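The listed protein sequences derive, respectively, from chains A and B.
Its first residue numbered 1438, the first sequence is counted upward by one per residue in our numbering.
Its first residue numbered 1438, the second sequence is counted upward by one per residue in our numbering.
One structure is given here, and the rest of the page talks about it.
2 protein chains.
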Amino acid sequence: MGECSPVQPSGVEINLQTGEMLEPDRIVVRRASDMRGYYADADALDQLIRERGDPIHYEVFEKPVPETPGNLMYCISKLHPGLVGDEFFMTKGHYHQIRETAELYLCLRGQGLMLMKTEKGECVAEAMARGRLVYVPPSWAHRSVNTGAEPLVSFCVYPAEAGHNYGDIEDQGFPKRVLRVKGEPQLV
Amino acid sequence: MGECSPVQPSGVEINLQTGEMLEPDRIVVRRASDMRGYYADADALDQLIRERGDPIHYEVFEKPVPETPGNLMYCISKLHPGLVGDEFFMTKGHYHQIRETAELYLCLRGQGLMLMKTEKGECVAEAMARGRLVYVPPSWAHRSVNTGAEPLVSFCVYPAEAGHNYGDIEDQGFPKRVLRVKGEPQLV
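Now the structure itself:
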């Protein structure tokens, strides 16, 4: 679908219990080995990759639309449960390339946190659970963290022109991490 | 929340079975009397208003965000079931003021159709049912029609600057109507 061909109306099936999208056109897969550099305990990540065969960390299921202003990109984000040392599985996290664009997460399944930060150093966490909508305002970097025992699955929407900037998070990380402390998730 | 105060991250609860939004900040209510001029059978609408005390036709539940580019407006749309003569209950329908903006409907409950049209006269209907996502592309006017026995409830997202243009539909209508023919919905 190029920028010159007008977008046609379309319908897609999403299972609202499991979050499964029927026949996605594109699946982005991040494995444990794609997460090197993100967790505090690099040795624990290496061990996980070695012992568990580099398992899928998270997946994004999409029906792409033209990446032009006025369109809305939507996807299903599925973050598997687990720990790297004492740190809960998380997504890489990103700003948008066009910073001044928001993103909506409507959580369909699982338990977790949406970690958000600004360039000024503000850091906020919002709870994610089935039926919870989290509004990530323009200019806030965002990362999902799965603190539960099942996949954390959300329906996500953002302006189609937004783009992703992963580099800044890869370099700077987030001011806080979500660790398991005495069996409970804790922001430290 | 003014345009100068930065938007903060926020969370909202939405019941994914019923579509109920917890503590909406704004509720738009359209009653049967607000729908004068929209249905083929004006006498049937007048009779319905007279006999049933001008019932609520549809409601929109919102947590407003600044209406500026980059933000995303989201709401729950709830269209009650019923007939005006042989015509199924529907929303007024609208273009966006900024035409080149899309809208997403994720249906949570009920049965119906999303009727869409362009200025060139194209007209398309997409089925709405629980778990069905309908993509309304930029420049397409859109109207929900409830063909079922329970409320048609959808989670909707659109670019916050889009605005609503109801006048063009009030003047021109849609090329097609959804009528009950021999007990079944039919596009005529």
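Positions of the beta carbon are idealized from the N, C-alpha and C atoms, including for glycine.
Predicted model only: the values in this text are computed from it and were never measured.
Bridge partners for residue i per DSSP, in chain order?
i, result
"residue 1595/B", "1510/B"
"residue 1580/A", "1552/A"
"residue 1493/A", "1468/A"
"residue 1515/A", "1496/A, 1590/A"
Taking the alpha helix (DSSP H) that residue i belongs to, which residues open and close that run?
i, result
"residue 1479/B", "1479-1489"
"residue 1635/B", "Given that chain B is displayed from residue 1438 to residue 1625, the structure contains no residue 1635/B and the question cannot be resolved."
Just mark residue i as buried or exposed, buried being the case when its beta carbon has 16 or more other beta carbons within 10 Å.
i, result
"residue 1479/B", "exposed"
"residue 1502/A", "buried"
"residue 1549/A", "buried"
"residue 1606/A", "buried"
"residue 1453/A", "buried"
"residue 1459/A", "exposed"
"residue 1533/A", "buried"
"residue 1514/B", "buried"
"residue 1530/A", "buried"
"residue 1489/A", "exposed"
"residue 1462/A", "exposed"
"residue 1631/B", "Only positions 1438 to 1625 of chain B appear in the structure, and residue 1631/B is not among them; the question remains open."
"residue 1464/B", "exposed"
"residue 1571/B", "buried"
"residue 1608/A", "exposed"
"residue 1441/A", "Confidence at residue 1441/A is low in this model, with a pLDDT of 44, below 50, so the placement of that residue is unreliable and no value is reported for it."
"residue 1581/A", "buried"
"residue 1556/B", "exposed"
"residue 1449/B", "buried"
"residue 1547/B", "buried"
Within its chain, find whatever has a CB closer than 7 Å to the CB of residue i; leave out the 5 residues flanking it on each side and keep chain order.
i, result
"residue 1512/A", "1497, 1498, 1499, 1593"
"residue 1624/B", "1562, 1613, 1615"
"residue 1428/B", "This structure does not reach residue 1428/B, given that chain B is present from 1438 up to 1625, and the question cannot be answered."
"residue 1521/B", "1476, 1478, 1481, 1482, 1485"
"residue 1545/B", "1453, 1456, 1567, 1590, 1591, 1592"
"residue 1493/A", "1466, 1468, 1517"
"residue 1569/A", "1544"
"residue 1564/B", "1550"
Which of the three DSSP states is assigned to residue i in this structure?
i, result
"residue 1558/A", "coil"
"residue 1619/A", "coil"
"residue 1535/A", "coil"
"residue 1448/A", "strand"
"residue 1563/A", "strand"
"residue 1438/A", "Any reading at residue 1438/A needs caution, since the residue's pLDDT is 38, under 50, leaving its predicted position unreliable; the model's value is listed next. In the structure shown, residue 1438/A sits in coil (DSSP, three-state: anything other than H, G, I, E or B)."
"residue 1607/B", "helix"
"residue 1601/A", "coil"
"residue 1525/A", "strand"
"residue 1624/B", "strand"
Between which two residues does the beta strand (DSSP E) harbouring residue i extend?
i, result
"residue 1460/B", "It is not in any beta strand (DSSP E) - residue 1460/B carries neither H nor E in the DSSP assignment."
"residue 1415/B", "Examination of residue 1415/B is not possible in this model, given that chain B is present from 1438 through 1625 alone."
"residue 1569/A", "1569-1573"
Leaving out five residues on either side along the sequence, give the residues of the same chain with a beta carbon under 8 Å from the beta carbon of residue i.
i, result
"residue 1509/B", "1502, 1594, 1595, 1596, 1597"
"residue 1447/B", "1500"
"residue 1444/A", "1438, 1502, 1503, 1508"
"residue 1573/A", "1539, 1540, 1541, 1542, 1551, 1553, 1579"
"residue 1626/A", "Because chain A in this structure spans residues 1438 to 1625, residue 1626/A falls outside the shown range and cannot be described."
"residue 1470/A", "1486, 1491"
Please go through the same chain and pick out, in chain order, the residues whose beta-carbon is closer than 6 Å to the beta-carbon of residue i, but skip the five residues on each side of it.
i, result
"residue 1601/A", "1531"
"residue 1536/A", "1576"
"residue 1622/A", "1584, 1615"
"residue 1599/B", "1533, 1535, 1538"
"residue 1451/A", "1458"
"residue 1472/A", "1494"
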